[in-house]
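In this note's numbering, the protein residues as written are 1 to 166.
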């Protein structure tokens, strides 16, 4: 089978090769979801495992930045998942297990840090800047619409008439 003009692969006859390629790529993406949690990490108790999964989805991978430790393949994320599960098996509540990790790694480990203290500035700054920008744009357009052109004087009208005749 040659790709240079001979036989062409036909996964779905009647569809263009570009559409076939797109569908094939989509099928690969859908068929192989990434699961970073390895079978050897999973807890025997399904309820405890679900708690660990729910908590790990709210914790940031310190290597991957904006990915939770449940989805990350980084070794540090695996270590954090194991540590979290150890805390839950030891009898910690959800809050205690998360507090342990926050004490150890700081609030940065939380994907959604609480809106308190200095963090409140981060939560408020974005919407405040958006509102300020909308207000400035509104005021600018409003001011632009209110300005009226002054009437021409007789001398200016005569000069304009001369220019237009030329």
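Glycine included, each C-beta is placed from N, C-alpha and C at the ideal position.
query: Could you tell me whether the stretch 134 to 153 touches the stretch 95 to 106, using the rule of 3 or more Cβ pairs below 8 Å?; result: no
query: Enumerate, from N- to C-terminal direction, the unbroken beta strand (DSSP E) stretches of 3 or more residues contained entirely within the stretch 53 to 78.; result: none
query: By the 10 Å Cβ neighbour count, where 16 or more other Cβ atoms means buried, how is residue 45 classified, buried or exposed?; result: exposed
query: So, with DSSP's three-state summary, where would you put residue 110?; result: strand
query: Drop a sphere of 10 angstroms on the beta-carbon of residue 72, count the other beta-carbons inside from all chains shown, and report buried for 16 or more, exposed for fewer.; result: buried
query: Mapping DSSP to helix, strand and coil, what is residue 21?; result: helix
query: Going by DSSP in three states, residue 118 sits in which element: helix, strand or coil?; result: coil
query: Buried or exposed, going by whether 16 or more other CB atoms sit within 10 Å of the CB of residue 70?; result: buried
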